[in-house]
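**Q** Structure in structure tokens, see below.
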Amino acid sequence: MTVPLDRHYPVELQVSAERISQLRRIVAAHLRHWNLELHVRPVCRAAEELLTNVQRHVGDGSRCVLELRWTGRHLTVSVADEDSRMPRLLDGGGGGLSRVMALSDSWGTCRTTDGKVVWFTRYAESPCTTGLLPPTPLPGGRSFLDGPVAESGPVAGSGPVAGGDPVAELV
């Protein structure tokens, strides 16, 4: 399967409890569309934490931008908001950035001219897909329906079954 080198999905929103649950479903749908089914649960939980942090610390109804980017090897999820206060990783852990850290391979924050961006990444290589059809046999190879090769003449009880069914001959 050939995967485009870069897939990108941004969405701008005003954060609220209802909108966070909608965004979780949208993120899950995009990950499934990109054949990243194994990453749906951890990525959605971490993205939900970032959006919840915006709601809790910046304010309900605040404008933010959630962005998904997949390069074929790494998935990056970022949330940009308009508040310049930088988030802190609390010692107690258990939620917020501690949960994002546990669900990702790396994470970080950076200031922007309009506020800040909080992001995380996960290693998400494109899945290997196998073909639906078996490989074609090599030339000169024997197929299963040819039956066993008799080395020196017929063996007792191995003659054709009535009707000449080649599969029944093997049984």
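Heads up, the sequence shown stops at 171 in full-length UniProt numbering, and the numbers go up one at a time, no gaps. Heads up, the beta-carbon is just placed ideally off N, CA and C, and yes, glycines get one too.
Can you name the residues that DSSP bridges to Val118?
**A** Per DSSP, Val79 and Thr109.
**Q** Compute the minimum distance between the beta carbon of Arg73 and the heavy atoms of the ligand GTP, and state whether it is under 7 Å.
**A** The ligand GTP is absent from the structure shown, which contains no ligands of any kind.
**Q** Suppose contacts are defined by Cβ-Cβ distances below 8 Å. Is Val65 in contact with Ala80 by that definition?
**A** yes
**Q** Is it buried or exposed, Cys110, if we count other Cβ atoms within 10 angstroms and call 16 or more buried?
**A** Its Cβ having fewer than 16 others within 10 Å, Cys110 is exposed.
**Q** Please classify Leu75 as buried or exposed, where buried requires at least 16 other C-beta atoms within 10 Å of its C-beta.
**A** buried
**Q** Grab me the residues of Thr121's own chain with a C-beta within less than 7 Å of its C-beta, minus the 5 sequence neighbours each way, in chain order.
**A** His74, Leu75, Thr76, Ser104, Asp105 and Ser106
**Q** For Pro42, does the three-state DSSP call read helix, strand or coil?
**A** helix
**Q** Answer yes if the region 57 to 64 comes into contact with the region 25 to 37, meaning at least three C-beta pairs across the two stretches below 8 Å, and no otherwise.
**A** no
**Q** What is the rounded straight-line gap between the Cα of Ser126 and the Cα of Leu97?
**A** Rounded to whole angstroms, Ser126 to Leu97 spans 27 Å at the Cα level.
**Q** State the start and end residues of the unbroken alpha helix (DSSP H) segment that holds Arg32.
**A** Ala17 to His33
**Q** Only counting the same chain, and skipping five residues up and downstream in sequence, which positions put a Cβ closer than 6 Å to that of Val58?
**A** Asp81 and Asp83
**Q** Roughly how many whole angstroms lie between the Cα atoms of Gly72 and Val40?
**A** 15 Å
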